[in-house]
Amino acid sequence: MINYLIQNPQQQPESDIPWDGVPAPEIDGFGQLPVQAATFDHVDGLFYFTYAVCIFFFVLITGVLLYSVVAHRRKTWDQKPLSNVTHNTPLEVVWTLIPLIIVMIMFAWGFKGSLDMTTVPHEAQRNTYKATAKQWSWGFTYPDGTSSLGEVWVEENKPVQFLLESTDVLHAFYIPSMRVKRDIVPGRYQSVWFKPITKGTYHLFCAEYCGKDHSRMYAKVHVVDAATMADQPWNQVPASDDPIEDRVAYGKQIAKTLCASCHKITPTSTVNTGPSWLDLFTKEGDNYVGRPREVIEGGETKTITIDDAYIIESIKSPAAKIVAEEPYNKGGMSNFDNLDDPRIACLIDFMKSLAGN
Amino acid sequence: MTTNTPAVDVQTTQPAAPRENYLNCSSGFKSWALTLDHKRIGLMYLVGTGLAFLAGGVFALLVRLHLWEPEGLLFENTAYNQIFTLHGAFMVFLFVIPAIPGSIGNVVMPIMVGAKDVALPKLNLLSFYLWLIGAILAAAAIVMGGFDTGWTFYAPYSLYTDQAVVTIGLAVFILGFSSIFTGLNFIVTVHKLRAPGMTWFRMPLFVWAIYATAVLQVLATPVLGITVLLVAFERLYNIGIFDPRLGGDPVLFEHFFWFYSHPAVYIMVLPAFGIISELVTVHSRKPLFGYKLIAFSSIAIAIISFLVWGHHMFTSGQSTYAMFAFSFLTFFVAIPTAIKEFSWVATVWKGSVALNSPMLYTLAFLVIFAIGGLTGVILGALNVDLHLHDTYFVVAHFHYVMMGSIALAFIAGLHHWWPKMFGVMYNEVQAKIACAIIFVGFNLTFLPQFIMGSRGMPRRYATYVPEYAPYHQASTIGAMILASGVALMVFYLIASLLIRKKAKENQWGGVTLDWQCPTPPPHLNFDDEPKVVHEVYDYSTLDYDSMQRDCS
């Protein structure tokens, strides 16, 4: 299972991009939409119906237009038009009524489809996840109360509902391959449901602008079979006696999905919202020694030495000690209560692995 | 009309001296800064909104360049967010909304109805200065650190971000008043200052369009003003209106914002429709097909446009009943819009179609607007919109309308009335080349965005998953081509003012009053009060001599 999390051993080791290793979704035969991995096929049906209607009218309009321009172009400067017709009532009635009928068909089809998408079936209600959006990461809670961050596992052929909540600003939950999108409004719950039918890993985007790292607010959606689900791949946190490489890899996975949008975790990263992680510790022999750091605690500036306790406090209540250096001294990090201690321990191991000698 | 006799310019005896017109009747800074002449105010708007368009275009190029690479080429994320916000805010508030009514509308509309000026000339000047103050405040907001909220200022992000939101909000508030005053002025002008014989159904369709726009400006803009004011109060005094932490409701902001901003789409597009109606008939030398239906469809669009704002919020979680009504009405508004497009094409049919540069820009409009309008129908379908909302499909759709249609109509109108405004002609060959470049560049920029949008690329992304890279790169190349076309256009238009090749008295052979008055128009537009005795667009009355005579 650990290998499952590490995902793609060939990937560039220094990358901090959250969607690394997720394959590009396949595109359907018309080249317009990702192949659908959920059951809302009326979306694609209506999309291509309206598309075809649009192409028909576009060809009709531009065809008549271009024919007229070529055939009736002015050859002498004082040429008179071939016709002085000002209107034609039957024609005007026809080109009012026919489009009206067509758009009413589209309306009814689209409305019926949207009812299907917003009416959550009982089966999905019994399989309800919670998705918590915050600037700029996703957290998920499973029906049994366990949780994961930055990626989520759902079972193939089992309808699932996501209850959506935001802890700060507007976000939107968007899985293109599943054809679902819903704004997440702070202060209220929204929900979406879908029935995943194809195994694979899919993009989950934030589709409502939410500030600086909006484009980095990303999660992976894994559609897996029931046997894999039963193993709870999201819950396989390496224990303290597991090999250090596994713990570091797991910590890095968390860092990439939760932390890398603000903190520099690779030498090539240009991220500068929060303090860099590259210089938290130094390695002396086999030991990692925390560097000293100036922080502001309760308005007073003091020097502390970085250690595990400081890091845990900074994750759970970031405002307690703020780094005194510009531009970090304004604070602003939100707390990550949903990170439990085993995960934080892996994260700290990852931080230490970044230490220079 | 007033009975004041205009300061009649006595025809000078020396044939060499140019006739007095609104450009040379007085000179000096004050004669422009304090002018009450609608034509001069219109020209000041033209310069101002034109500069805003170029600034917005530079921001657009920066956005496109940055997106060349999936991880971004130029900026860190906050800077990118500021740039796309500036692009949107400059283009919408400083260019697309005021440009056509403020410049072409100001210069042409009073002449078209046979008036000496707008009804309230001082208010007209005030409108311009309010626009100028708004523009200066918007520029100041950049200097003060910029703003990164998107042009939509969605709460609660716009309440939390530590940037110059209040300043740009104030700019938008003031620009709103500029817009309201212009609308008010034009409504009164159309009602009160029409020349004898200019009945409602003899008004050129540009006047109808400007009139419908003016009604929208007066009715819708106050809601925007109140909304940005509430955001400012909330930021400054912590009054909970939109912030859920203070008991407010962010969705309420969306309702307020789109209650203005959807009608605003028609505030932007109706004047463009008006320009196209004029150009199609003049350059086809044929009465506009379905005049009354087009006039009524402008009014129908104005009314229905107040009732469709919720289609911007299909994913926001509004009630099913609201979705039902908004989707239904959205499809409904497609009908009057389709009627216009069909009528324009029918006007070209069997006309005497001149392929000069204004007409080429018009044809480009007709093709691009067909795509822009039709893709709007795709987005109106509720379940499809749930997939496409907030993706590049929407971005491409509204650029086909905003840039490809409205800006192109503005450019077409500018080419059409340029000889009337200045009495000079630009280089037609260069103009045709620029039109072709702009058309190709535009489509190369935005067609790929439809594809990546339907494939799921969300908008407002500083970085993106790498599978979209080919489409972003095609789009960026298109933007460069588009920009070079615009640069060529700016070049030959400015050059025409320096070269001063004389335009014809009636360059294109129009029969509305704007082509009956002298070129360029005198200070008070007409030497004698015009009398309208013919139906509008009656080309049997065209005086072909005036098409060959150099303007005086």
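As given, the protein sequences belong to chains A and B, one line each in that order.
With our numbering, letter number 110 in the first sequence gets 110, and the count goes up by one each step, no holes.
With our numbering, letter number 307 in the second sequence gets 1307, and the count goes up by one each step, no holes.
Even for Gly, the Cβ is constructed at its ideal location relative to N, Cα and C.
Note that this is a predicted model, so its numbers are computed, not measured.
Could you tell me whether the Cβ of residue i comes closer than 8 Å to any Cβ of chain A?
i       : result
V1164/B : Checking the displayed sequence, the identity of residue 1164/B turns out to be Ala instead of Val. For A1164/B, the answer is no, since every Cβ of chain A falls outside 8 Å of its Cβ.
I1276/B : no
P1196/B : no
T1320/B : yes
I1189/B : As written in the sequence, residue 1189/B is Thr, which differs from the Ile given in the question. Not closer than 8 Å to any Cβ of chain A, the Cβ of T1189/B fails to qualify, so no.
A1090/B : For the record, residue 1090/B in the displayed sequence is Phe; it is not Ala. Answer no: the Cβ-Cβ gap between F1090/B and chain A never drops below 8 Å.
V1465/B : yes
G1351/B : yes
D1527/B : no
E1239/B : According to the sequence shown, residue 1239/B is Ile rather than Glu. No, I1239/B does not count as interfacial toward chain A.
E1076/B : yes
H1387/B : yes
T1281/B : no
D1550/B : no
A1431/B : no
C1025/B : no
K1504/B : no
So with Cβ pairs under 8 Å, would you call residue i a contact of chain B?
i      : result
Y362/A : Any property of residue 362/A remains undetermined from this structure, which presents chain A solely from 1 to 357.
A172/A : yes
D337/A : no
F162/A : no
A37/A  : no
F205/A : yes
S68/A  : yes
I296/A : no
T118/A : yes
W19/A  : yes
S83/A  : yes
H263/A : no
V43/A  : yes
I322/A : no
Could you spell out where the alpha helix (DSSP H) holding residue i opens and where it closes?
i       : result
E245/A  : I244 to I254
T62/A   : D41 to A71
W1131/B : P1121 to V1143
D1027/B : Reading off the sequence shown, one finds Ser at residue 1027/B, where the question assumed Asp. S1027/B -> no alpha helix (DSSP H), and no H or E assigned at all.
Q161/A  : First-last for Q161/A: V160 to S166, but that is the beta strand (DSSP E), not the alpha helix (DSSP H).
E92/A   : T89 to T118
F1326/B : T1320 to V1348
L1065/B : H1038 to H1066
Y1302/B : The question names Tyr, but residue 1302/B is Ala in the sequence shown. Y1291 to I1304 is the extent of the alpha helix (DSSP H) around A1302/B.
For the beta strand (DSSP E) that residue i lies in, which residues bound it at each end?
i       : result
Q1548/B : No beta strand (DSSP E) holds Q1548/B; DSSP gives it neither H nor E.
For the ligand SAH, I want to know if residue i counts as a neighbour, meaning its beta carbon is within less than 7 Å of at least one of the ligand's heavy atoms.
i       : result
F1369/B : No copy of the ligand SAH appears in this structure; indeed no ligand is present at all.
Note down, in chain order, every chain A residue with its Cβ under 9 Å from the Cβ of residue i.
i       : result
K1501/B : Chain A residues near K1501/B: none, gap ~17 Å exceeds 9 Å.
Note down, in chain order, every chain B residue with its Cβ under 7 Å from the Cβ of residue i.
i      : result
E92/A  : G1290 and L1293
Y51/A  : I1378
L33/A  : S1454 and R1455
L100/A : I1335
K220/A : None at all; the shortest Cβ gap to chain B is about 11 Å.
Can you list the residues of chain A that residue i reaches, using a CB-CB cut of under 7 Å?
i       : result
R1460/B : Y209 and H214
M1323/B : S114
D1543/B : Near D1543/B there are no residues of chain A at all, since even the closest Cβ is about 11 Å away, more than 7 Å.
F1342/B : W95
Mind pulling the chain A residues with CB within less than 8 Å of residue i?
i       : result
G1048/B : The contacting residues do not exist; G1048/B stays about 29 Å from chain A at best.
A1370/B : F57, F58, I61 and T62
L1355/B : V69, R73 and R74
contact_flag[the region 1173–1183 of chain B, the region 1084–1101 of chain B] where n(CB pairs < 8 Å) is 3 or more: yes
Entirely enclosed alpha helix (DSSP H) segments - the region 1357–1412 of chain B, minimum 4 residues: 1357–1380, 1382–1388 and 1392–1401
3 or more residues per run - each beta strand (DSSP E) lying fully within the region 1205–1256 of chain B: none
Given 8 Å, three or more beta-carbon pairs between the region 1245–1264 of chain B and the region 34–50 of chain A: no
Segments assigned beta strand (DSSP E), at least 3 residues, entirely inside the region 284–344 of chain A: 287–290, 292–297 and 300–305
Any 3 or more C-beta pairs closer than 8 Å across the region 91–102 of chain A and the region 1332–1345 of chain B: yes
Sufficient close CB pairs (3 or more, under 8 Å) joining the region 1049–1062 of chain B to the region 1117–1125 of chain B: no
Touch test, the region 1434–1444 of chain B against the region 1475–1486 of chain B, Cβ-Cβ under 8 Å, three pairs minimum: yes
Contact between the region 135–147 of chain A and the region 207–214 of chain A (3+ Cβ pairs under 8 Å): yes
Whole beta strand (DSSP E) elements within the region 1433–1476 of chain B, 3-residue minimum: none
Unbroken stretches of the beta strand (DSSP E), 3 residues or longer, contained in the region 119–189 of chain A: 128–134, 137–141, 147–149, 151–155, 160–166, 171–175 and 180–184
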